[in-house]
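For the protein sequence lines, the chains are R and W, in the order given. Position 203, counted from 1, in the first sequence is what our numbering calls 203; the numbers after and before it change by one each time, with no gaps. Position in the second sequence (from 1) plus 256 gives the number in our numbering. Remarks on the structure that follows.
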Amino acid sequence: MNYIGIDIGSTCAKVVVLDEQKNVCLEMVQPTGWSSVDTAEEIKKKLLAEGIDPDASPCVATGYGRVSVPYANKMITEITCHAMGALKINHSQDALVIDIGGQDTKIIRIEEGMVKDFIMNDKCSAGTGRFLEVMANSMGMRPDELCTLAETGGGVTISSMCTVFAESEVISLIGRGEPKENIAFAVVDSIVSKVASQASRLHEKGEAVCLTGGLCDCEYVCKALEKKLQSQVITSPQARYAGALGAALAAAKIKL
Amino acid sequence: MANYVEMWKELGMDLENHDNLCAVLPVAYGDVYLSQENRPEGMAFWDMVVADIHGIRPAELIEAQKNGQKVFGTFCVYVPDEVVIAANGIVTGLCGGSQFWVPDGEAVLPKGTCPLIKASVGARLGKTCPFFRIADMYVGETTCDGKKKAWEILGTDVPMHVMDIPQMKREKDIVKWTEEIKDFAAIVEKVTGKEITAESLEAAIKLINEKRKAMARVYEARKAENIPISGKDALLMSQIAFFDDPARCAMMCNKLADELEQRIADGVSVFPAGTKRIMLTGTPMAIPNWKLHHIIETSGAAVVCEETCTGTRYFEGQVEEGKATLDEQYRAIAERYMGINCACFTPNSGRVDDIIRLAKEYKVDGVIDVNLKFCCLYDTEGYTVEAALKEAGIPVLGIETDYADEDSEQLKTRIEAFIEMLG
């Protein structure tokens, strides 16, 4: 028996499959694209190709596209799933999780293995992966390239929180010949500042936080966030899959 | 609805645009209300009212005007209905609760104004609501800066009286509010041409007390283990109470309460056993704003109480009856109204006490603190409210939203996650 967790986010769809002993036996990620219904279908084909039948295995869907997975046995919100995934990754029962997603950023307080409180950004892309994506695009580079470049820059800030206005700020910085690394620095600084201010209602000074979501691979984002929060930021490449992992763990509780 | 077209025309309404509103409301009502199962039979009255919401009651008001009565439109639970009724006047609520009216409001107001004010101003200036056309006089109040300035704009289009609400609750503030009520009474007498007497005021006090008691009975039933009425239906009852004739309102609410009490005795509930019980606190939900109730009740939880102006703040507390003179009566009215804990007061610890008390009385599993976008007062007070709830061990979720549907998916995720968190 396999347990399947599918996290269809605004940017990427993540899949985690657990074996009978709840060990991860498969991780997949792909762009969500235009249609989460099509994405769910593609995931099904890929799973079948791996010899896993989603119709015959317990399956939980999460993420904003969770309603588009017809073969899922249950839908659970990404808040609960990210929390459960982060606990598993960190072998802990208590944590403050910061998930920087494609269109929203979540701060989740977990105590004794249960979600106690959470904050989600309002309908605004400041401090999310989308903000990074748009800025990287206007600078003609990939988001991960921008993050790496940011480490060597400094001295510039972007004041607009609105992605549209911030993009025009970036374009005028390019126009006046500001070195790319300085603009990249400003972009990352804007994101981590927004995330840190959002976290301040739940984060206690000095408390270590777990970072999940698509930016966990960017070493400099973690460093910059550590500096802003004045706290240790714990992450791992697996943290990108935290939502899907949490969903798979929830699937393991389903009796078909 | 066709038979009301002449009436709307005579009211000077923008019929073409009004048709757009008439086209969407039944669809929304069908989706939100008529899709519910096992509703109390008594809700048929409110279904009928909504089906002809711009017809039946407006026609009654126009008929009353023909018989010499005057209609006063109000926007706040602090404006005492008793005074108007004692002078043979009629009160109708005028708060706008639909995104439909917001663009017309934004034509004259800053975008960063709360949707309730924008919709209220838009409903008047856009000529798309009969109640806003019918009222002989509007009665505003100074609960917030947005409203104060909006009254100045509305006042250029319709007779307007503004009551100055104190910002604190000291003895001298209650004295001041008593004086404000007396000034209001003089204005009402002038408009209606009827003198307010101790007898007429006593009768009005009794009438409105009865209405409040009837509404409280419906709410009382929601405290039961098996919830006999959905939050949506209870909200509708409360929203319509602002428009209806107070005696009929009391009668229909009492009839509904009879049925709900019977349901409790029979163990009938509109929700499965174990459904999580949610209380909403914060800003008012003017008709037809059913947005959050609908999201919550389609996400597996039930709304059992609203600590809002369209909830407990509207009906809790009575005016003391049996006072001998007008002076004593006005003082008694002032005391009852000054007992409402609105975020426009400072300090406002009474509201926090109310919320904790209500959370216990209604046995809630969690509280959702709602703020209409750009309401600085409730938004800021939310910090204190949420801290107090956490201190009391009651889970709380803060939500800020407006009338538009654009954020409903995000809200659904947050609310579902909150319900998951409750276990």
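The C-beta atom is built at its ideal place from N, Cα and C for all residues, glycine as well. These numbers come from a predicted model, not from an experiment.
Can you pull the chain R residues whose beta carbon is under 7 Å from the beta carbon of residue i, in chain order?
i, result
"residue 647 (chain W)", "The contacting residues do not exist; residue 647 (chain W) stays about 13 Å from chain R at best."
Considering only C-alpha positions, which residue in the set the options is nearest to residue i?
i, options, result
"residue 412 (chain W)", "W:423, W:380, W:442, W:429", "W:380"
"residue 180 (chain R)", "R:206, R:198, R:137, R:52", "R:137"
"residue 12 (chain R)", "R:89, R:29, R:167", "R:29"
"residue 482 (chain W)", "W:488, W:589, W:517", "W:517"
"residue 503 (chain W)", "W:466, W:526, W:493", "W:466"
"residue 450 (chain W)", "W:543, W:501, W:318, W:325", "W:325"
"residue 487 (chain W)", "W:647, W:435, W:472, W:553", "W:553"
"residue 50 (chain R)", "R:196, R:16, R:31", "R:16"
"residue 166 (chain R)", "R:106, R:97, R:135", "R:135"
"residue 321 (chain W)", "W:347, W:307, W:338, W:303", "W:347"
"residue 149 (chain R)", "R:36, R:20, R:75, R:187", "R:187"
"residue 335 (chain W)", "W:476, W:444, W:528, W:532", "W:444"
"residue 421 (chain W)", "W:679, W:550, W:265, W:403", "W:403"
"residue 578 (chain W)", "W:457, W:397, W:471", "W:457"
"residue 192 (chain R)", "R:227, R:241, R:205, R:201", "R:227"
Chain W partners of residue i, CB-CB under 9 Å?
i, result
"residue 79 (chain R)", "669, 670, 672, 673, 674, 676, 677"
For residue i, which residues in chain W fall below 8 Å Cβ to Cβ?
i, result
"residue 97 (chain R)", "The premise fails here: residue 97 (chain R) is roughly 13 Å from chain W at the closest Cβ pair, so nothing lies under 8 Å."
"residue 115 (chain R)", "673, 676, 677"
Residues of chain R with CB under 8 Å from residue i, in chain order?
i, result
"residue 665 (chain W)", "64"
Which first and last residues belong to the beta strand (DSSP E) in which residue i is found?
i, result
"residue 394 (chain W)", "393-397"
"residue 154 (chain R)", "Unbroken run through residue 154 (chain R): none, as it is neither H nor E."
"residue 203 (chain R)", "Taken as a continuous stretch (DSSP letters only), residue 203 (chain R) belongs to no beta strand (DSSP E), as it is neither H nor E."
"residue 109 (chain R)", "105-111"
"residue 417 (chain W)", "416-419"
"residue 3 (chain R)", "3-8"
"residue 532 (chain W)", "532-538"
"residue 595 (chain W)", "First-last for residue 595 (chain W): undefined, no H or E at that position."
"residue 329 (chain W)", "327-330"
"residue 120 (chain R)", "114-120"
Could you give the first and the last residue of the continuous alpha helix (DSSP H) run that contains residue i?
i, result
"residue 31 (chain R)", "It is not in any alpha helix (DSSP H) - residue 31 (chain R) instead sits in the beta strand (DSSP E) that spans 24-31."
"residue 285 (chain W)", "271-285"
"residue 306 (chain W)", "300-307"
"residue 551 (chain W)", "547-553"
"residue 610 (chain W)", "605-617"
"residue 342 (chain W)", "337-342"
"residue 436 (chain W)", "427-448"
"residue 212 (chain R)", "Residue 212 (chain R) -> not in any alpha helix (DSSP H); beta strand (DSSP E) instead, spanning 209-213."
"residue 373 (chain W)", "371-381"
Below 9 Å on C-beta distance, what does residue i contact in chain R?
i, result
"residue 656 (chain W)", "122"
Compute the beta-carbon to beta-carbon distance between residue i and residue j, rounded to the nearest angstrom, for a pair I have assumed lies under 8 Å.
i, j, result
"residue 182 (chain R)", "residue 153 (chain R)", "4 Å"
"residue 238 (chain R)", "residue 79 (chain R)", "About 19 Å separates the two Cβ atoms, so there is no contact after all."
"residue 140 (chain R)", "residue 9 (chain R)", "With 8 Å as the limit, residue 140 (chain R) and residue 9 (chain R) do not qualify as a contact, their Cβ atoms being about 25 Å apart."
"residue 478 (chain W)", "residue 618 (chain W)", "7 Å"
"residue 372 (chain W)", "residue 540 (chain W)", "7 Å"
"residue 244 (chain R)", "residue 52 (chain R)", "Their Cβ separation, rounded to whole angstroms, is 14 Å, which puts residue 244 (chain R) and residue 52 (chain R) out of contact at 8 Å."
"residue 146 (chain R)", "residue 196 (chain R)", "With a Cβ gap of about 19 Å, residue 146 (chain R) and residue 196 (chain R) do not count as contacting."
"residue 582 (chain W)", "residue 454 (chain W)", "5 Å"
"residue 104 (chain R)", "residue 212 (chain R)", "With a Cβ gap of about 13 Å, residue 104 (chain R) and residue 212 (chain R) do not count as contacting."
"residue 248 (chain R)", "residue 76 (chain R)", "Contact doesn't hold; Cβ gap of about 11 Å is too wide."
For a contact meaning CB atoms closer than 7 Å, what does residue i contact in chain W?
i, result
"residue 118 (chain R)", "673"
"residue 76 (chain R)", "676"
Return yes when the C-beta of residue i is under 7 Å from any heavy atom of the ligand HEM, and no when it is not.
i, result
"residue 80 (chain R)", "For the structure depicted, the ligand HEM is absent and the ligand set is empty, with no information on it obtainable."
Checklist entry - Is the segment 502-517 of chain W close to the segment 291-305 of chain W, with three or more CB pairs under 8 Å? => result A contact exists between the segment 502-517 of chain W and the segment 291-305 of chain W.
Checklist entry - Okay, do the segment 376-392 of chain W and the segment 348-362 of chain W touch, 3+ Cβ pairs below 8 Å being the bar? => result Yes, they touch.
Next on the checklist: Check whether the segment 270-285 of chain W and the segment 311-331 of chain W touch, using three or more Cβ-Cβ pairs below 8 Å as the test.
Outcome noted: Counting Cβ pairs under 8 Å, fewer than three are found: no touch.
Checklist entry - Is the segment 77-87 of chain R close to the segment 616-629 of chain W, with three or more CB pairs under 8 Å? => result Short answer: they don't touch.
Item to check | Any 3 or more C-beta pairs closer than 8 Å across the segment 209-218 of chain R and the segment 229-237 of chain R | outcome: Yes: the two stretches touch, three or more of their Cβ pairs being nearer than 8 Å.
Next on the checklist: Three Cβ pairs or more, each shorter than 8 Å: is that satisfied between the segment 104-117 of chain R and the segment 171-180 of chain R?
Outcome noted: The segment 104-117 of chain R, when compared against the segment 171-180 of chain R, does not touch it at the 8 Å Cβ threshold.
Checklist entry - Taking three-plus beta-carbon pairs below 8 Å as touching, is the segment 29-45 of chain R in contact with the segment 55-71 of chain R? => result Touching, yes, given that three or more Cβ pairs across the two stretches are closer than 8 Å.
Checklist entry - Is it true that the segment 513-531 of chain W meets the segment 580-588 of chain W, where meeting means three or more beta-carbon pairs spaced less than 8 Å apart? => result No, because fewer than three Cβ pairs between the segment 513-531 of chain W and the segment 580-588 of chain W fall closer than 8 Å, the two stretches do not touch.
Item to check | Validate contact between the segment 658-674 of chain W and the segment 632-648 of chain W using beta carbons, cut 8 Å, 3 pairs | outcome: Between the segment 658-674 of chain W and the segment 632-648 of chain W, the count of C-beta pairs closer than 8 Å stays below three; the two stretches do not touch.
Checklist entry - Using 8 Å as the Cβ pair cut-off and three pairs as the minimum, do the segment 486-500 of chain W and the segment 436-448 of chain W touch? => result The segment 486-500 of chain W makes no contact with the segment 436-448 of chain W: fewer than 3 CB pairs, one atom from each, lie closer than 8 Å.
Checklist entry - Per the contact definition of three or more C-beta pairs closer than 8 Å, is the segment 562-575 of chain W in contact with the segment 658-667 of chain W? => result Segments in contact, no.
Checklist entry - Are three or more beta carbon pairs between the segment 336-345 of chain W and the segment 599-614 of chain W nearer than 8 Å? => result By the Cβ test, the segment 336-345 of chain W is not in contact with the segment 599-614 of chain W, since fewer than three Cβ pairs between them sit closer than 8 Å.
Next on the checklist: Using 8 Å as the cut-off, can you tell me whether the segment 416-430 of chain W makes contact with the segment 454-468 of chain W, which would need three or more C-beta pairs spanning the two stretches below that distance?
Outcome noted: In short, these stretches do not touch, since the Cβ pair count stays below three.
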